[in-house]
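J.: Under our numbering, think of the first position of the sequence shown as 3, with each following residue one higher.
Glycine included, C-beta positions come from ideal geometry on N, C-alpha and C.
Below is a structure I'd like to ask you about.
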Amino acid sequence: MLVGIRELAPEIVARTAEIEAARRLPPDLVERLRSIGIFRMFVPRSHGGLELDFPDGLEVIKALTRLDGSVGWTAIVAGVGSLFAAAARPELYQQMYQDGPDVAICGSSQPAGTAERVSGGYRVKGRWPFASSCMHADWIGGFCIVTENGKPVPGPHGKPQIGAVALPARDWDIEDTWHAAGLKGTGSQHIALRERLVPEANVFDLETPPRMSGPLYQALRQWLPVAHGAFSVGLAEGAVDDLLALAHTGRQQLYAAVPMRESETFQYELGRISANLKAAQALHEVQVASHWRRALAGTLNDEDLVIEAAQSAVWLATTCVGIADACFALAGSSAVYDSSPLQRRLRDLHVGAQHAHAQQRQYVDVGRLALRRSAEDAA
């Protein structure tokens, strides 16, 4: 897969403006990515997939993100979508993959819909934001609050029960709402269902025990912040690549005494940026390795591990935004043009950092966990 990405890299880089202008990936590029295997990398071998180890899949995601943020985000959706699908009822899963493993699955994890229990299934309605990759999806899902007689059904810990509804993409309305500051090529439109009767098999609980064997499928929420960390690191790596490429052109900024690469100020800032990037890479590698060890040991399904992964995702997003900001500033006035990849990296990282998995408020749970563990150690 990495060889295929290297071969595709010049085309992706050459088409970044096209991707942004279209606000989605071109269909032919999606098919190239499909042939490389991004839609089957986390599909079980029992259904023709690659069932990559999670760390290997993240290397694929980072490699694509390093080329273009929207392409990398699409790769995350491709991988995570197949992991969500692994929680579906067996009859629905068989339907999704009846024609092979290269199925594009996307959706929105915000519980912006309702699924009312009725005779024959559920009456589902809602409007969901941020359905990245919906423009090329084969199947689309959305989270719903499950209701009965118009009232939410109680779920774990007293909260309303959440169900995921999955239907073929043709059954959804896609609204043209994705006019965003960054990650423009992800096609993250709003999706909607207008009061639709959905068979019971097409609504499933993500908190049910794993339906698939193997370390990839024993937990889902624990993986999501780790995947977001791969996105942040991959984009930061790309920003440093772009800055170095600009410096090697021999560019000399207005009023500067020497070219960028000969300036001690530039060299100092580049050294600081490089240190931050190495720290981000190291933290992410440690977090990935730790989670994968727990997955192999069968102990990944632990709420504390969601919090640990969130801590790293938030720190990585913040650090990598800082790296992109510094690269943009060092590049000078040339970086302000749409033709500069650095301004696109900057926008993509800032938009990615707005995602729930990267929000600073996650530190509250991290602090509570630290206090609880400290009290337990002292007891």
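Find the nearest neighbour of alanine 282 within the set Gly144, Val32, Asp55, Ile325, judged by alpha-carbon distance.
T.: In the sequence shown, counting from the first residue as 1, residue 282 sits at position 280. It is Ile325 whose Cα lies nearest to the Cα of alanine 282.
J.: Please work out which residues of its chain come closer than 6 Å, Cβ to Cβ, to glycine 231, disregarding the five sequence neighbours upstream and downstream, and give them in chain order.
T.: Your numbering for residue 231 matches position 229 in the sequence shown. Closer than 6 Å at the Cβ level, and outside the excluded window around glycine 231, lie His286, Ser314, Ala315, Leu318.
J.: Taking Cβ positions, are proline 131 and tryptophan 294 nearer each other than 7 Å?
T.: Indexing the sequence shown from 1 puts residue 131 at position 129. Indexing the sequence shown from 1 puts residue 294 at position 292. No, they are not a contact pair.
J.: Please determine if the stretch 167–184 and the stretch 128–145 are in contact, where contact requires at least 3 C-beta pairs separated by less than 8 Å.
T.: yes
J.: So for leucine 169, helix, strand or coil by DSSP?
T.: The residue you call residue 169 lines up with position 167 of the sequence shown. In the structure shown, leucine 169 sits in a strand (DSSP, three-state: E or B).
J.: Determine the closest residue to proline 162 out of Ala114, Val228, Ala355, with distance taken between C-alpha atoms.
T.: As a position in the sequence shown, residue 162 is number 160, starting the count at 1. Selected option, being the one with the closest Cα: Ala114.
J.: Can you say whether phenylalanine 5 is buried or exposed, counting buried as having 16 or more other CB atoms within 10 angstroms of its CB?
T.: The sequence position of residue 5 within the sequence shown is 3, counting from 1. In the sequence as displayed, the identity of residue 5 is valine instead of phenylalanine. Per the 10 Å Cβ criterion, exposed.
J.: Counting only runs of 4+ residues fully inside the stretch 71–131, write out the alpha helix (DSSP H) ranges in chain order.
T.: 71–87, 92–98
J.: Please list, in chain order, all residues of the same chain as aspartate 178 whose beta carbon is under 7 Å from its beta carbon, the five residues on each side excluded.
T.: The sequence position of residue 178 within the sequence shown is 176, counting from 1. Contacts found: Gln191.
J.: As a quick exercise: from Arg47, His359, Trp174, pick the residue whose alpha carbon is nearest that of isoleucine 107.
T.: Within the sequence shown, residue 107 is the residue found at index 105, counting from 1. For isoleucine 107, the closest of Arg47, His359, Trp174 by C-alpha to C-alpha distance is Trp174.
J.: Determine the DSSP secondary structure at histidine 250, reduced to helix, strand or coil.
T.: Position 248 of the sequence shown holds residue 250. If DSSP states are grouped into helix, strand and coil, histidine 250 belongs with coil.
J.: Alanine 90 and phenylalanine 206: beta carbons closer than 7 Å?
T.: Along the sequence shown, one-based indexing puts residue 90 at 88. Along the sequence shown, one-based indexing puts residue 206 at 204. A contact, by the Cβ cut-off of 7 Å.
J.: Cα separation between glycine 216 and serine 376?
T.: As a first step, residue 216 must be located in the sequence shown, where it is residue number 214. As a first step, residue 376 must be located in the sequence shown, where it is residue number 374. Approximately 33 Å between the Cα atoms of the pair.
J.: Please classify threonine 116: is it buried, with 16 or more other beta-carbons within 10 angstroms of its beta-carbon, or exposed?
T.: What you label residue 116 is simply residue 114 of the sequence shown in a count that begins at 1. Threonine 116 should be labelled buried.
J.: Return the residue from the list Thr18, Ala88, Pro261, His49 that minimises the CA-CA distance to threonine 210.
T.: The residue you call residue 210 lines up with position 208 of the sequence shown. When the alpha-carbon of threonine 210 is set against those of Thr18, Ala88, Pro261, His49, the nearest one is in Ala88.
J.: On a Cα-Cα basis, can you pick out the residue from Leu272, Lys64, Pro261, Arg346 that is closest to alanine 182?
T.: Translated into the one-based positions of the sequence shown, residue 182 becomes position 180. For alanine 182, the nearest C-alpha among the options comes from Arg346.
J.: Using DSSP bridges, identify the partner residues of isoleucine 176.
T.: Counting from 1 along the sequence shown, the entry for residue 176 is found at position 174. Bridge partners of isoleucine 176: Ile193.
J.: Just how far apart, CA to CA, sit phenylalanine 41 and serine 84?
T.: Position 39 of the sequence shown, counted from the first residue, corresponds to residue 41. Position 82 of the sequence shown, counted from the first residue, corresponds to residue 84. So the alpha carbons of these two residues sit roughly 7 Å apart.
J.: To which residues does DSSP link leucine 199 through a beta bridge?
T.: Position 197 of the sequence shown, counted from the first residue, corresponds to residue 199. Leucine 199 is bridged to Arg125.
J.: Per DSSP, which one or two residues make a beta bridge with isoleucine 142?
T.: Your numbering for residue 142 matches position 140 in the sequence shown. Note: isoleucine 142 sits in a beta bridge opposite Cys108, Leu169.
J.: Using three-state DSSP, classify alanine 182 as helix, strand or coil.
T.: For the purposes of this step, residue 182 is taken as residue 180 along the sequence shown, with counting starting at 1. Three-state result, alanine 182: coil.
J.: Mind the definition here: the stretch 234–245 touches the stretch 65–74 only if three or more C-beta pairs lie below 8 Å; say whether that holds.
T.: Output reads yes: the stretch 65–74 touches the stretch 234–245.
J.: Could you spell out where the alpha helix (DSSP H) holding proline 29 opens and where it closes?
T.: Here residue 29 refers to the residue found at position 27 of the sequence shown. It spans 29–38 - the alpha helix (DSSP H) in which proline 29 sits, taken as one unbroken run.
J.: Spell out the partners DSSP gives proline 162 in its beta bridges.
T.: For the purposes of this step, residue 162 is identified with residue 160 of the sequence shown, where counting begins at 1. DSSP lists Pro156 as partners of proline 162.
J.: Comparing C-alpha positions only, which one of Arg47, Arg26, Val62 sits nearest to leucine 10?
T.: As a working mapping, residue 10 is identified with position 8 in the sequence shown. The shortest C-alpha separation from leucine 10 is found at Val62.
J.: By DSSP's criteria, glutamate 13 is part of a beta bridge. Which residues make up the other side?
T.: As a first step, residue 13 must be located in the sequence shown, where it is residue number 11. Paired residues: none, contrary to the question.
J.: Excluding sequence positions up to five away, which residues of its chain have a Cβ less than 6 Å from the Cβ of arginine 198?
T.: What you label residue 198 is simply residue 196 of the sequence shown in a count that begins at 1. Excluding sequence neighbours, arginine 198 sits near Val126.
J.: I need the DSSP call for alanine 259, collapsed to helix, strand or coil.
T.: For the purposes of this step, residue 259 is taken as residue 257 along the sequence shown, with counting starting at 1. Of the three classes helix, strand and coil, the one that applies to alanine 259 here is coil, per DSSP.
J.: I'd like the span of the alpha helix (DSSP H) that includes glutamine 289, first residue to last.
T.: Mapped onto the sequence shown, residue 289 falls at position 287. First-last of the alpha helix (DSSP H) with glutamine 289: 266–299.
J.: If you measure between the beta carbons of glycine 128 and leucine 208, is that distance less than 7 Å?
T.: As a working mapping, residue 128 is identified with position 126 in the sequence shown. As a working mapping, residue 208 is identified with position 206 in the sequence shown. No Cβ-Cβ contact shorter than 7 Å links glycine 128 with leucine 208.
J.: Does the Cβ-Cβ distance between valine 79 and serine 37 come in under 7 Å?
T.: Here the question's residue 79 lines up with position 77 in the sequence shown. Here the question's residue 37 lines up with position 35 in the sequence shown. Against a cut-off of 7 Å, the Cβ pair of serine 37 and valine 79 comes out as no contact.
J.: Can you check which of these residues, Gln361, Arg370, Arg263, is closest to glycine 252 by C-alpha distance?
T.: Here the question's residue 252 lines up with position 250 in the sequence shown. If we check each option's Cα against that of glycine 252, Arg263 comes out closest.
J.: Under a Cβ-count criterion, where at least 16 other Cβ atoms within 10 Å of its own Cβ denotes burial, should glutamine 289 be classed as buried or exposed?
T.: Numbered from its first residue, the sequence shown carries residue 289 at position 287. Per the 10 Å Cβ criterion, buried.
J.: Taking 7 Å as the threshold (C-beta atoms), are leucine 94 and alanine 203 in contact?
T.: As a working mapping, residue 203 is identified with position 201 in the sequence shown. As a working mapping, residue 94 is identified with position 92 in the sequence shown. Taking 7 Å as the Cβ cut-off, alanine 203 and leucine 94 qualify as a contacting pair.
J.: My assumption, with CB atoms under 8 Å, is that leucine 226 sits in contact with histidine 352. Please give the rounded CB distance.
T.: As a first step, residue 226 is located in the sequence shown; it is residue number 224 there, counting from the start. As a first step, residue 352 is located in the sequence shown; it is residue number 350 there, counting from the start. Contact flag wrong, Cβ pair sits at about 20 Å.
J.: If I follow the unbroken alpha helix (DSSP H) through threonine 320, where does it start and stop?
T.: Mapped onto the sequence shown, residue 320 falls at position 318. It spans 305–333 - the alpha helix (DSSP H) in which threonine 320 sits, taken as one unbroken run.
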